[in-house]
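Just below is one structure, and these are the notes that go with it.
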Amino acid sequence: MAEIIKIGENTWSFEDGFVRFFLLAGDEKAVMIDSGMNCPDALEQAKNLTDKPIMLLNTHGDGDHTSATSSFTEIYIHPEDYVKCDVCNRYPGTALHEIADGDVIDLGNRPLKIIHIPGHTAGSVAILDVKNRVLIAGDSVQKGHIYMFGDKRDPEKYEASLDKLIAMKDEYDTIYASHDVREIPADHVEKVKAAWQKVRAGEVPFEMADLFGNQVKSYTTEDCGFYII
Ligand SMILES: [Zn+2]
Numbered sequence: 000m001a002e003i004i005k006i007g008e009n010t011w012s013f014e015d016g017f018v019r020f021f022l023l024a025g026d027e028k029a030v031m032i033d034s035g036m037n038c039p040d041a042l043e044q045a046k047n048l049t050d051k052p053i054m055l056l057n058t059h060g061d062g063d064h065t066s067a068t069s070s071f072t073e074i075y076i077h078p079e080d081y082v083k084c085d086v087c088n089r090y091p092g093t094a095l096h097e098i099a100d101g102d103v104i105d106l107g108n109r110p111l112k113i114i115h116i117p118g119h120t121a122g123s124v125a126i127l128d129v130k131n132r133v134l135i136a137g138d139s140v141q142k143g144h145i146y147m148f149g150d151k152r153d154p155e156k157y158e159a160s161l162d163k164l165i166a167m168k169d170e171y172d173t174i175y176a177s178h179d180v181r182e183i184p185a186d187h188v189e190k191v192k193a194a195w196q197k198v199r200a201g202e203v204p205f206e207m208a209d210l211f212g213n214q215v216k217s218y219t220t221e222d223c224g225f226y227i228i
């Protein structure tokens with residue numbers, strides 16, 4: 000059961016204590032963007048907020064973003080994250096829709112643009128709520144620690160994806176993050192990129208941390224952090 004906060008017109012944040020996800024409604028349809036780590040009833044909660052049909056759109060396939068996947072019949076996810084979305088694989092009757100860079104999903108007078116930002120995972124996407132000038136960037140941009148350890152992470156592509164978001168910064172004012180502070184200004188992407196470059200150049204000290212049994216290096220900068228093996 001997530002705590003629900005109304006953060007804009009027809010826009011809600013679901014807070015499950017560790018991860019955050021969102022419900023956006025337009026004139027015709029609604030979309031849940033991710034479904035948290037321990038919220039199998041997220042769709043039921045969302046139905047109390049909107050009478051529009053609700054589909055699921057995943058920023059990526061990590062397990063802490065997909066807990067209610069099986070309760071949806073229409074799921075939008077980038078194909079490169081299908082394999083990680085094992086809930087989808089377990090429910091083959093679910094309609095999976097491939098999303099690609101540049102796609103526009105219109106909720107009815109509320110277009111959402113898909114931006115492919117590989118790096119955190121191969122199929123990570125950001126979602127631009129065009130008219131509201133909001134970017135929902137999954138785990139890739141935040142003030143907290145960004146998980147960049149394990150096989151599925153790609154440091155080079157991650158940096159290129161940050162550049163891609165910086166290049167379109169005129170299109171959004173605010174970023175909604177999945178972890179840590181919810182609403183952050185658009186220029187935070189540049190700070191994350193600068194921090195990432197410093198970490199990769201060995202300019203940031205680290206501490207060892209135990210993360211779900213993984214020994215990882217924890218880097219903390221004033222703008223965000225990273226976990227890397
Ligand atoms: Zn993730």
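Following numbering that gives the first Met the number 0, the numbering of the sequence shown begins with 0 at its first residue and continues without gaps. Built from N, CA and C at the ideal position, the CB exists for glycine as well.
(Q) Beta-carbon distances below 5 Å to any heavy atom of ligand 1 define the shell here; list its residues in chain order, please. (A) D61, D138
Endpoints, alpha helix (DSSP H) assigned at G186: Working through the sequence shown from its first residue, we reach residue 186 at position 187. Sequence inspection shows Asp at residue 186; the Gly mentioned does not correspond to that position. Run containing D186: none; DSSP gives neither H nor E here.
*asked:* With H, G and I counted as helix, E and B as strand and the rest as coil, what does DSSP make of P39?
replied: Here residue 39 refers to the residue found at position 40 when the sequence shown is read from its first residue. Three-state DSSP puts P39 in coil, outside helix and strand.
(Q) Pop quiz: Y226 and Y146 are said to be a contact at Cβ under 8 Å. What is the actual Cβ separation, rounded to whole angstroms? (A) For the purposes of this step, residue 226 is identified with residue 227 of the sequence shown, where counting begins at 1. For the purposes of this step, residue 146 is identified with residue 147 of the sequence shown, where counting begins at 1. About 5 Å; that satisfies the 8 Å criterion.
9 Å Cβ cutoff met for R152 and G122: Here residue 152 refers to the residue found at position 153 when the sequence shown is read from its first residue. Here residue 122 refers to the residue found at position 123 when the sequence shown is read from its first residue. Not a contact, by the Cβ cut-off of 9 Å.
Exercise for the section: Please name the residue or residues paired with Q214 in a DSSP beta bridge. Expected result: Reading the sequence shown from its first residue, position 215 is the one you call residue 214. Partner(s): D209.
* Asked: Are L106 and D26 closer than 9 Å when you measure CB to CB?
  -> Residue numbering aside, residue 106 sits at position 107 when the sequence shown is read from its first letter. Residue numbering aside, residue 26 sits at position 27 when the sequence shown is read from its first letter. Contact flag set, yes.
ask   = How many whole angstroms separate the CB atoms of I53 and M31, which I take to be in contact at a CB cut-off of 8 Å?
value = As a working mapping, residue 53 is identified with position 54 in the sequence shown. As a working mapping, residue 31 is identified with position 32 in the sequence shown. The Cβ separation is near 6 Å, so the contact holds.
Please name the residue in P91, V129, D80, T120 whose C-alpha comes closest to that of I104. Taking the first residue of the sequence shown as 1, we reach residue 104 at position 105. Distance check between I104 and each of P91, V129, D80, T120 places V129 closest, using alpha-carbon atoms only.
I'd like the ranges of any alpha helix (DSSP H) spanning at least 4 consecutive residues and lying wholly in the segment 51-89.
Entirely contained in the segment 51-89, the alpha helix (DSSP H) runs reaching 4 residues are, in chain order, 85-89.
Helix, strand or coil at E155 [DSSP, three-state]: As a first step, residue 155 must be located in the sequence shown, where it is residue number 156. Helix.
Check: Among A45, D40, C223, which has the Cα closest to the Cα of S12?
Finding: Counting from one through the sequence shown, the residue named residue 12 turns up at place 13. Comparing C-alpha distances from S12 to each of A45, D40, C223 shows the shortest one belongs to A45.
Helix, strand or coil: which one does DSSP assign to A45?
-> Within the sequence shown, residue 45 is the residue found at index 46, counting from 1. Residue state, collapsed to three classes: helix.
Counting beta carbon pairs with one atom in the segment 160-170 and one in the segment 203-219, are three or more of them shorter than 8 Å?
no
Requested in this report: Drop a sphere of 10 angstroms on the beta-carbon of N57, count the other beta-carbons inside from all chains shown, and report buried for 16 or more, exposed for fewer.
Outcome: Reading the sequence shown from its first residue, position 58 is the one you call residue 57. Answer is buried; the Cβ neighbour count reaches 16.
message = Less than 6 Å between C-beta atoms, sequence neighbours within five positions excluded: which residues of the same chain meet that for L134?
response = Numbered from 1 along the sequence shown, position 135 holds the residue referred to as residue 134. Correct list, in chain order: A125, L127, Y171, I174.
Going by beta-carbon coordinates alone, are S139 and I116 separated by less than 9 Å?
As a first step, residue 139 must be located in the sequence shown, where it is residue number 140. As a first step, residue 116 must be located in the sequence shown, where it is residue number 117. The answer is yes: Cβ separation under 9 Å.
**Q.** For Y117: DSSP bridge partner residues
**A.** Within the sequence shown, numbered from 1, the residue matching residue 117 stands at position 118. Per the sequence shown, residue 117 should be read as Pro rather than Tyr. Paired residue(s): none; P117 is not in a bridge.
Report task. Can you give me the Cβ contacts of G143 inside the same chain, cut-off strictly under 6 Å, excluding the 5 residues immediately before and after it? Result -> One-based indexing of the sequence shown puts residue 143 at position 144. Counting only Cβ-Cβ distances below 6 Å, and skipping sequence neighbours, we find H178, D179.
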